[in-house]
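Residue numbers (the working numbering): -10 to 184.
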Amino acid sequence: MSGLESAFCRSAPWRWFARRAVLPWALCGRSLSGEVLEIGGGSGAMAAGVASSFPHIQLTTIDLDADMVRAARSALGGHSNVTVGAADVTALPFDDGSFDTVTSYLMLHHVIAWKDALREVARVLRPGGAFVGYDLTKRRLARALHTADRSPHHIIAPEELTLGLRNAGFLEVDVRPTLAGHVMRFRAVTTDDPA
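The structure is reproduced here in C-alpha cells:
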C-alpha cells in the first residue's frame, strides 16, 4: 500500500464514510454472524463499523503492514468482540474451517498472489461459509493510479475473480461490476459438504 493510501485509510473522514456508506453497500444488506475474519483490515475502519453494527459476532481482522496493525489496534481497542493481528493472507495462521464469513474490502488488488489468497480463504471457511467484499476492477484508471504511486498491485478483472473463486472451491459465485465498472462487489459460498 502506498503512503497516500495508508494516510487516507487512517483518516477520520474515511472511517466515517466506511461505516455509514461503504459497509452496508459492500455487504449488500446482509447480516454477519458467528466468527468473522476480515483480511487486509488496514487501519480498522471497516472493522469498527462491523463490530458496532454486529456486536454479537467475534471479529478477527488481520493485515500484513505493521503500521496498519498498530493503527487498527488503537482504533479497535474499545471493542471486546475484535481481535487484531498481523498475518499474510496467502498463508493464514488459522485452522481449516475456523470462520463463518471472511470479508475483504478493497484489498485483493494489493495481493500479487491473489489466487493463493482465495485458496486460503476457502480453507479457513466452514462448510457453507461466505466470502464477501469488493475491490477495484482491471480498468485503466486503477492501473494508472497504482503504477504512479509504485505500490505493488495486481488489479483483477471481474471474470478473472469469478474463475479464481471457482478454482479455489467456491460455489454460488457472484461478482458484479458497479460504479461504471471501476469496482466489483463479490460474494462466494463454500460447499455445504465438509468432505
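For every residue, glycine included, the Cβ atom is placed at its ideal position computed from N, Cα and C.
Problem set entry | The beta strand (DSSP E) enclosing Val91, as first and last residue numbers | Segment Phe88 to Tyr94, the beta strand (DSSP E) holding Val91.
For this session: Indicate whether at least one CB of chain C lies closer than 8 Å to the CB of Val11.
Result: Considering every chain present, this structure includes no chain C. It has just one protein chain.
Exercise. What's the C-alpha gap between Phe120 and Ala55?
Worked result: 24 Å
Exercise. Taking just the CA atoms, how far does Arg155 sit from Thr90?
Worked result: Cα to Cα, the separation comes out at about 17 Å.
Problem set entry | Reduced DSSP secondary structure (H/G/I, E/B, other) of Pro147 | For Pro147, the three-state secondary structure derived from DSSP is helix.
For this session: Just list the alpha helix (DSSP H) runs in the stretch 18 to 75, keeping only unbroken ones of 4 residues or longer that don't cross its boundaries, in chain order.
Result: Runs found: 34 to 42 and 55 to 65.
For this session: Ignore the nearest five residues each way along the sequence and tell me which others in Ala61's own chain have a CB closer than 8 Å to its CB.
Result: Result list for Ala61: Gly30, Gly31, Ser32, Gly33, Ala36, Thr50, Asp52 and Val73, in chain order.
For this session: Would you mind sorting Ala76 into buried or exposed? The rule is 16 or more other CB atoms within 10 Å of its CB.
Result: buried
For this session: Excluding the 5 residues preceding and the 5 following Glu24 in the sequence, name in chain order all residues of the same chain whose CB lies nearer than 7 Å to its CB.
Result: Only residues of its own chain outside the window of five on either side were considered, and among them Gln47, Ser87, Phe88 and Asp89 have a CB closer than 7 Å to the CB of Glu24, listed in chain order.
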